[in-house]
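Novice: Letter 133 of the sequence shown, counting from 1, is numbered 137 in the numbering used here, and no numbers are missing.
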Amino acid sequence: MQSPLSYEQKRAVVVGCFSGMGEATARIVGELGAEIVAVDIKKPKVAHADFFEVDCRDPGAIDSAVVEIAQAGPIDALFYCAGLPGGSFSNIDVMSVNFLGQRHFVEACVPHMKRGDGVASISSAAGMAYMMALERVKELLALTDHAEALAWVKEADAAGNLEGYSFSKMCTIVYVLNRGPLLTRETGIRFNCISPGPTDTPMMPHFEEQVGKAFMDNFPKPIGRNSSADEQAWPLAFLNSSAASYISGENIFTDGGCAGGIMTGSIDLSKMMPS
Ligand SMILES: NC(=O)c1ccc[n+]([C@@H]2O[C@H](COP(=O)([O-])OP(=O)(O)OC[C@H]3O[C@@H](n4cnc5c(N)ncnc54)[C@H](O)[C@@H]3O)[C@@H](O)[C@H]2O)c1
């Protein structure tokens, strides 16, 4: 029997696979049998059949790449792993890559995908308070036109009313929870995301610079250490495989239990965070 985790005979598009979780996802899904179509702003070193240089801030570049990708073969699985950490990157760029570019990429690929295919993306434990910002997130999500949504983001930023990184992650979770069931009902395509805790990738030094190493070291980690990129790539590989054929519209906190503990009170943030 073929393992339901197998990607044999499948073509997987991995966006953001130059480094970190995207690189790990392309490597693992490739080892599971997929033909990898790599997409990134930088040419990745991970093995791939095809590469498209795309800046995910640019919806036109996404549209052109997706047309070419779909002309060359099927899109059986889409992994959106591109992201920026905030800090030295502007709120506009962070929102553009982490959420607006993600949504544009997903919606551009959907017409080329079929029943049983999967889309998986990456949010973050930083988005765990999405229920507290639901109305504002839904206001942006209602703007399905990229240019209108970008104008909303620019206005919020100019008003000093935006923390780009955590807001982009809240938007990702709500987009997946809200769009996933509709997409699955209409097309049979499943759509899920993961929300990692601190993970050792090239993004980690950016977080340490922004909030301090002590903050990242003291961030609640029930498993007692940071995650590796592979430990995030495996859940992504699972979500887009037929092993997850009844999972859609789901956000999985891949944070070793941190979010659940905070939400239900078994982890007291005030005791664990540096003052
Ligand atoms: N590392 C962590 O602790 C952590 C925790 C939670 C969530 N995340 C999220 O995981 C995702 C992957 O990040 P990572 O930790 O693997 O970091 P990373 O920096 O290694 O990977 C980010 C990838 O996105 C690509 N990218 C950046 N800007 C792009 C653009 N404009 N167009 C196309 N590609 C672009 C990069 O080249 C790189 O391949 C991000 O969404 C990040 O926010 C990271």
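Glycine is no exception: its CB is placed at the ideal position from the N, C-alpha and C atoms.
To test your reading of the DSSP string, which unbroken beta strand (DSSP E) runs of 3 or more residues are found completely within the region 28–56?
Specialist: Fully enclosed beta strand (DSSP E) runs of 3 or longer: 39–44.
Novice: To the nearest angstrom, how far is the alpha carbon of residue 154 from that of residue 96?
Specialist: Their Cα atoms are separated by approximately 8 angstroms.
Novice: Once DSSP output is grouped into helix, strand and coil, what is the label at residue 126?
Specialist: Strand.
Novice: Would you say the beta carbon of residue 203 comes nearer than 7 angstroms to a heavy atom of ligand 1?
Specialist: Residue 203: yes, Cβ under 7 angstroms from ligand 1.
Novice: Let me confirm a value: residue 269 is counted as buried when at least 16 other C-beta atoms fall within 10 Å, else exposed. Which label applies?
Specialist: When all chains shown are included, residue 269 counts as exposed.
Novice: Can you tell me whether DSSP reads residue 114 as helix, strand or coil?
Specialist: Correct three-state label for residue 114: helix.
Novice: Check the C-beta distance from residue 273 over to residue 224 and give it rounded, since I have them as a contact under 8 angstroms.
Specialist: Rounded, the Cβ-Cβ distance is 7 angstroms, consistent with contact.
Novice: Examine chain C for any beta-carbon lying closer than 8 angstroms to the beta-carbon of residue 116, and answer yes or no.
Specialist: In summary, chain C is missing from the structure at hand, where a single protein chain is found.
Novice: Quick one: what does DSSP say residue 256 is sitting in, helix, strand or coil?
Specialist: Residue state, collapsed to three classes: strand.
Novice: Can you give me the start and stop residues for the beta strand (DSSP E) that residue 200 sits inside?
Specialist: Element bounds for residue 200: 194–200.
Novice: Please confirm whether residue 233 and residue 203 have their CB atoms less than 8 angstroms apart.
Specialist: A contact, by the Cβ cut-off of 8 angstroms.
Novice: Assuming residue 164 contacts residue 85 (C-beta within less than 8 angstroms), just tell me the rounded distance between them.
Specialist: With 8 angstroms as the limit, residue 164 and residue 85 do not qualify as a contact, their Cβ atoms being about 30 angstroms apart.
Novice: Does the distance between the C-beta of residue 82 and the nearest non-hydrogen atom of ligand 1 fall short of 7 angstroms?
Specialist: No.
Novice: Only counting the same chain, and skipping five residues up and downstream in sequence, which positions put a Cβ closer than 6 angstroms to that of residue 77?
Specialist: Around residue 77: 15.
Novice: Whole beta strand (DSSP E) runs in the region 120–187 with 3 or more residues, listed along the chain?
Specialist: The region 120–187 contains these whole beta strand (DSSP E) runs: 122–126.
Novice: Roughly how many angstroms separate the alpha carbons of residue 252 and residue 52, rounded to a whole number?
Specialist: C-alpha separation (whole angstroms): 27 angstroms.
Novice: What are the residues that DSSP puts in a beta bridge with residue 17?
Specialist: Paired residues: 41 and 82.
Novice: Mind checking whether residue 125 and residue 176 have CB atoms under 8 angstroms apart?
Specialist: Against a cut-off of 8 angstroms, the Cβ pair of residue 176 and residue 125 comes out as a contact.
Novice: Just the Cα atoms here: how many angstroms apart are residue 262 and residue 75?
Specialist: Roughly 42 angstroms between the two C-alpha positions.
Novice: How about residue 79 and residue 116: are their beta carbons less than 8 angstroms apart?
Specialist: Yes, they are a contact pair.
Novice: Count the other C-beta atoms from every protein chain shown that fall within 10 angstroms of the C-beta of residue 27, then say buried if there are 16 or more, exposed otherwise.
Specialist: Per the 10 Å Cβ criterion, buried.
Novice: May I ask which residues mark the beginning and end of the alpha helix (DSSP H) holding residue 98?
Specialist: Start and end: 95–99.
Novice: By how many angstroms is the C-alpha of residue 136 removed from the C-alpha of residue 122?
Specialist: For residue 122 and residue 136, the distance between alpha carbons rounds to 28 angstroms.
Novice: Considering only the alpha carbon of each residue, which of 24, 62 and 92 lies closest to residue 169?
Specialist: For the residues 24, 62 and 92, the minimum Cα distance to residue 169 belongs to 92.
Novice: Could you give the C-beta distance for residue 36 and residue 247, rounded to a whole number, given that I count them as a contact under 8 angstroms?
Specialist: Incorrect: roughly 11 angstroms between the Cβ atoms, too far for contact.
Novice: Which same chain residues end up closer than 8 angstroms to residue 47 when comparing Cβ atoms and leaving out the 5 residues on each side of it in sequence?
Specialist: Once the five neighbours on either side are set aside, the close Cβ partners of residue 47 are 22, 55 and 57.
Novice: Buried or exposed: which applies to residue 11, given that a residue is buried once 16 or more other Cβ atoms fall within 10 Å of its Cβ?
Specialist: It is buried - the Cβ of residue 11 has at least 16 other Cβ atoms within 10 Å.
Novice: Determine, using beta carbons only, whether residue 132 and residue 199 come nearer to each other than 8 angstroms.
Specialist: Yes, these two residues count as a Cβ contact at 8 angstroms.
Novice: Residues in its own chain within less than 6 angstroms of residue 110 by CB, not counting five upstream and five downstream?
Specialist: Contacts found: 123.
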